[in-house]
Amino acid sequence: MKNTVIIKSFPSGIVLHLDPEPSFDSLLSDIADKFRESSSFFKDARMALSIKGRNLSPKEEEAVLDAIAQNSQLDIICLVGEEDEDTNQIFVRALEQINPYDESGLCSGGQFYRGTLKNGQVLETESSIVVLGDVYPGATIISAGDVIILGGLYGKAYAGENGSPGRYVVALEMSPERLKIGDFKYRAKKASKWPIRPKVQPKIAYIKDKEVVMESLTKELLSELPI
Numbered sequence: 000m001k002n003t004v005i006i007k008s009f010p011s012g013i014v015l016h017l018d019p020e021p022s023f024d025s026l027l028s029d030i031a032d033k034f035r036e037s038s039s040f041f042k043d044a045r046m047a048l049s050i051k052g053r054n055l056s057p058k059e060e061e062a063v064l065d066a067i068a069q070n071s072q073l074d075i076i077c078l079v080g081e082e083d084e085d086t087n088q089i090f091v092r093a094l095e096q097i098n099p100y101d102e103s104g105l106c107s108g109g110q111f112y113r114g115t116l117k118n119g120q121v122l123e124t125e126s127s128i129v130v131l132g133d134v135y136p137g138a139t140i141i142s143a144g145d146v147i148i149l150g151g152l153y154g155k156a157y158a159g160e161n162g163s164p165g166r167y168v169v170a171l172e173m174s175p176e177r178l179k180i181g182d183f184k185y186r187a188k189k190a191s192k193w194p195i196r197p198k199v200q201p202k203i204a205y206i207k208d209k210e211v212v213m214e215s216l217t218k219e220l221l222s223e224l225p226i
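Position 102 of the sequence shown, counting from 1, maps to 101 under numbering that gives the first Met the number 0, and the rest follow consecutively.
Take a look at the structure:
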C-alpha cells in the first residue's frame, strides 16, 4: 500500500500527514488500516490530533475521527492545527482556570461536555462549561460562567448569561455567528461561513473597556487577565 497516511507521534498528541492526491474514500480506508495497525502502540491514550497535507471539510474531519475511534482505543480530545506544544499548553492552562474535573465529568467550577453541537442544538448550563468538540452554525451554547471550546466555535456562544461581564469565551478556532458576554455583544465584521481552514488560531473573547474584544490566546495574556 502506498504511504498515503503517515502518523507522527509527539508529546502532546498525533500529527496525521495525509497525501493530497487520493480520493477521500480511499484515504479514509488507509487511515482506518493505519490506526488498526497502531492500536497496540497507542492503546487508550488521550491525545490531541493535528491533520496536515490537505484541507478537510468539517464532515471529512468528523469521518476521520470516526475512523480512528472505530479502529483504535485512542481518545482524541481535540483537533489542533500546529505540531508544537504551545497550543496544547495554552488550553491546559485555560482548563486549569475552571478547576480540574472529576471522573463524573463535573468539577467544582464547571461542567465537562464531550461532543459536537450541530444545527438546532442548544447546550445550557448554570456553571462554566468545557466542550470537547465543535459548535456548528445554528447551534447555541449558553453558560452562566465561562465557555471553553476545544474545537471550533461557528455557532452562538453566550457567557456570563446571569449578567456577569467578568467572563470569557475561548475557542481553538473562533468564527462565531453570535457571541455575547454578560450584557455586551461582540460585533463581528462578517457573518460566519465555513472556511477552508488554515492553521488554527486559538482566541479568547472577554470584556475590555465595556466592549467585547477578541484576541489571540497566549500564555502571557492568560497570566494578565483576571480570570
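Think of the CB as a built atom: it goes at the ideal place given N, C-alpha and C, for glycine as much as any other residue.
Query raised in the report: Mind checking if Val130 is an interface residue toward chain B, Cβ cutoff 7 Å exclusive?
Result: In the structure shown, chain B does not exist; there is a single protein chain.
Report task. Assign Val121 to one of two classes, buried (16 or more other C-beta atoms within 10 Å of its C-beta) or exposed (fewer than that). Result -> exposed
Report task. Compute the beta-carbon to beta-carbon distance between Val169 and Ile147, rounded to the nearest angstrom, for a pair I have assumed lies under 8 Å. Result -> 5 Å
Report task. To the nearest angstrom, report how far apart Glu219 and Met213 are at their CA atoms. Result -> 15 Å
Query raised in the report: Roughly how many angstroms lie between the CA atoms of Ile5 and Asn118, to the nearest whole one?
Result: Rounded to the nearest angstrom, the two C-alpha atoms are 33 Å apart.
Query raised in the report: In three-state DSSP terms, what is Leu55?
Result: coil
Query raised in the report: Would you report the Cα separation of Leu131 and Arg35, rounded to the nearest angstrom?
Result: 24 Å
Query raised in the report: If you follow the beta strand (DSSP E) that Glu123 is part of, which residue opens it and which one closes it?
Result: 121-124
**Report entry** Burial state of Gly162 (16 or more Cβ within 10 Å)
**Finding:** exposed
Query - Asp65 to Ile30 span [Cα, whole Å] - result: 10 Å
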